[in-house]
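Notes follow once the structure below has been shown.
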Amino acid sequence: MSKHNSLKAVGSATGKRSVLKRFERVKLLKQRGEWKKGQSPIGLPKTKGED
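If you read the sequence shown in the working numbering, its first letter stands for residue 273, the second for the next number, and so on.
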């Protein structure tokens with residue numbers, strides 16, 4: 273039995289994510305110099321990703 277065409281994953285994982293994970297936001301804030309040592313990773317400010 274074959275899969276229906278609507279169930280096939282054709283490039284579904286490609287594309288740019290608009291949301292960063294917590295570790296990605298911390299890394300980006302460190303690169304920008306906005307991260308203070310000892311700062312809590314909870315409640316981080318919203319950050320735009322690099323284009």
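We treat Cβ as the ideally placed atom computed from N, Cα and C, and that holds for glycine.
Range covered by the alpha helix (DSSP H) that runs through residue i
| i | result |
| --- | --- |
| E296 | R294 to R304 |
Pair within 9 Å by beta-carbon distance, residue i and residue j
| i | j | result |
| --- | --- | --- |
| G321 | L300 | yes |
| V298 | P313 | yes |
| R294 | L316 | yes |
Which of helix, strand or coil DSSP assigns to residue i
| i | result |
| --- | --- |
| S312 | coil |
| S278 | helix |
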